[in-house]
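As structure tokens, the structure follows; a few thoughts come after it.
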Amino acid sequence: MKKTMAIVMAVMLASLLFVFVQALRIHVAFNLPERILQMLPYLLTLAMLIGFGRRVRGPQAAGDIKD
3 MKKTMAIVMA
13 VMLASLLFVF
23 VQALRIHVAF
33 NLPERILQML
43 PYLLTLAMLI
53 GFGRRVRGPQ
63 AAGDIKD
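Quick note: the sequence shown uses the working numbering, first residue 3, plus one each step.
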């Protein structure tokens, strides 16, 4: 149950971060090219998923053939 709740919280946090960066991109004008600003929410979400993915291990029996 705790693992499921942690996954739900991580997904919610990633979603909120994505929406926050989208809103920030729309309302704040930086001296960056528009393409970089459009990629920013996706890059931050990808970085966050990579960070969470480093802590998660696959099942121990993954790849084992059972007869």
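Ideal Cβ positions, reconstructed from N, Cα and C, are used throughout, including at glycine.
These numbers were taken from a predicted model, which means no experiment stands behind them.
Distance, residue 33 Cα to residue 54 Cα
The residue given as residue 54 occupies position 52 in the sequence shown. The residue given as residue 33 occupies position 31 in the sequence shown. Answer to the nearest angstrom: the Cα atoms are 31 Å apart.
Might you give, ordered along the chain, the residues of its own chain that have their beta carbon closer than 6 Å to the beta carbon of residue 23, omitting 5 neighbours on each side?
For this step, residue 23 is matched to residue 21 along the sequence shown. Closer than 6 Å at the Cβ level, and outside the excluded window around residue 23, lie 42, 43 and 46.
Since residue 25 and residue 51 should fall inside the 8 Å C-beta cutoff, what is the C-beta to C-beta distance between them, to a whole number of angstroms?
For the purposes of this step, residue 25 is taken as the residue at position 23 of the sequence shown. For the purposes of this step, residue 51 is taken as the residue at position 49 of the sequence shown. Wrong, their Cβ atoms sit about 20 Å apart, outside the cutoff.
DSSP on residue 9, reduced to helix/strand/coil?
Stepping through the sequence shown from its first residue, residue 9 is reached at position 7. Three-state result, residue 9: helix.
So, using beta-carbon positions, are residue 19 and residue 27 closer together than 9 Å?
The residue labelled residue 19 in the question sits at position 17 within the sequence shown. The residue labelled residue 27 in the question sits at position 25 within the sequence shown. Going by C-beta atoms, residue 19 is not nearer than 9 Å to residue 27.
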